[in-house]
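Asker: I have a structure I would like to understand better, so I am pasting it below and will then ask my questions one at a time.
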Amino acid sequence: ITELQRLREAVERDELLLYYQPKVDLTTGGLVGSEALIRWFHPDEGLLAPAAFLSLADGTELELRISEWVIEHALAQMTAWQAAGLRIPVSINLPAAHLLMPNFHHWLAAALNLHPNLDPRDFQIEILESTAIADMDAAVSSLRHVKDLGVSIALDDFGTGFSSLAYFRRLPVDTLKIDRSFVNEMLEDPHALGVVQYVIRLAKTFDRDVIAEGLETDDDWVALRQLDCDQAQGYGIARPMPPHELPSWLEDWN
Ligand code: G
Ligand code: G
Ligand code: NA
């Protein structure tokens, strides 16, 4: 059987799982959310990261099935945490093409309706900045439909794409995520630092939230805070972890 068929079976056999990486407020240190990151627990090869399998599904109906699976499982996890007394906002990663499908918001609304106790404002969708958006008017309208449900949108890996400021200004996104390549190098490379500073100011100018990816050290934390960055995630806070570990991580962190 092909690798693609094997991945299809993995979805149906529930071999996929979501890990969660905490996001914190850089001023208070408090948890502000978590990013769901897909993994494949392969019976022979062990735990596989998305880079090892996700591209197999590119452009197939399985890619859509995986997005559906991610939405369902992330919402179910939020509901489970909530039942345990934990309110943990979650963001998921979706191919921009899925978010931009004309019927996507109906699909998302149906998934949210299965979880009436969740506040949709605790749910966020991350799409890559580098995704080319061919039809800007259609994109703006799709994103507005999603936002009308209360769900927020983040532009991921910001700074690595080619989007113009005019494009960015029109897109109704709530959050900019500064790509970790800039954060990792900002203390050695003044150009990287300049980009980080620029994205933070851009976000503030447009009244958007801003989060830094790839915070690895205490020095990174201090620098980002001095630059007025609101939030961060990264190995210096926590690595992505299975959901049952998050409550005890949180207890240690607090
Ligand atoms: O977890 P890790 O850092 O290895 O993830 C690598 C990349 O894979 C992330 O930057 C993210 O963009 C992508 N990714 C992770 N989980 C998902 C997912 O559920 N769906 C999609 N489409 N991409 C994901
Ligand atoms: O932007 P994206 O969604 O791809 O980011 C998530 C990816 O980044 C995951 O693969 C995760 O494991 C990885 N990641 C998260 N924090 C850090 C970090 O502090 N340093 C590095 N090198 N990678 C990180
Ligand atoms: Na992401």
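Numbering (mature numbering (1 follows the signal peptide of the UniProt record, and there is no 0)), first residue to last: 752 to 1005. Where is the CB? At the ideal position from N, CA and C, for every residue including glycine.
(1) With DSSP run on the structure shown, which of helix, strand or coil describes ILE876?
(2) Looking only at its own chain, which residues have a Cβ that is under 7 angstroms from the Cβ of ARG816, when we skip the five neighbours before and after it?
(3) Does DSSP classify ILE752 as helix, strand or coil?
(4) From which residue to which residue does the alpha helix (DSSP H) around PRO867 run?
(5) Just confirm the distance between the C-beta atoms of GLU877 and ASP907, as a whole number of angstroms; I'd bet it's less than 8 angstroms.
(6) Does the contact criterion of 3 or more C-beta pairs under 8 angstroms hold for the region 969-982 versus the region 808-815?
(7) Tell whether a beta-carbon distance below 7 angstroms holds between GLN772 and GLN977.
(8) Please name the residue, chosen from LEU788, VAL783, ARG759 and ALA800, that lies closest to ASN1005 on a Cα-to-Cα basis.
(9) Out of ALA847, GLU939 and GLU936, point me to the one whose CA is closest to residue 1015's CA.
(10) Since I believe PRO871 is in contact with VAL821 (beta carbons under 8 angstroms), could you give me their beta-carbon distance rounded to a whole number of angstroms?
(11) Would you call the region 853-865 and the region 834-843 in contact, with 3 or more CB pairs under 8 angstroms?
(12) Going by the CB atoms, is the gap between SER881 and GLY912 shorter than 7 angstroms?
(13) Could you check what DSSP says for PRO794 in three-state terms: helix, strand or coil?
(14) Looking only at C-alpha atoms, which of HIS849, PHE804 and PHE933 sits nearest to PHE792?
(15) Buried or exposed for GLU786, going by 16 or more other Cβ atoms inside 10 Å?
(16) According to DSSP, what are the bridge partners of ASP960?
(17) Does ligand 3 have a heavy atom nearer than 6 angstroms to the CB of ASN935?
(18) Rounded to a whole number of angstroms, what is the C-alpha to C-alpha distance between ASP960 and ARG790?
(19) Give the secondary structure of VAL841 by DSSP, where H, G and I count as helix, E and B as strand, and everything else as coil.
(20) Here's the rule: buried if 16 or more other CB atoms are within 10 angstroms of the residue's CB, otherwise exposed. What is ILE752?
(21) Does the Cβ-Cβ distance between ALA800 and LEU851 come in under 7 angstroms?
(22) What residue does the beta strand (DSSP E) around GLN772 start on, and which one ends it?
(23) Look up VAL902 in the DSSP assignment and say whether it is helix, strand or coil.
(24) So for GLY945, helix, strand or coil by DSSP?
Answerer: Concretely, from the data shown:
(1) ILE876 sits in a strand when the DSSP states are folded into three classes.
(2) VAL762
(3) coil
(4) Unbroken run through PRO867: none, as it is neither H nor E.
(5) 4 angstroms
(6) Verdict: no, contact absent.
(7) no
(8) VAL783
(9) The chain is shown only over 752 to 1005; residue 1015 falls outside these bounds and no answer can be derived.
(10) In this structure VAL821 does not touch PRO871 by the C-beta definition: roughly 16 angstroms separates them, more than the 8 angstroms allowed.
(11) no
(12) yes
(13) coil
(14) PHE804
(15) buried
(16) THR926, per the DSSP bridge assignment.
(17) Outside the cutoff, so no.
(18) 28 angstroms
(19) strand
(20) By the neighbour-count criterion, in which 16 or more other beta carbons inside 10 Å mark a residue as buried, ILE752 falls on the exposed side.
(21) no
(22) 767-776
(23) coil
(24) helix
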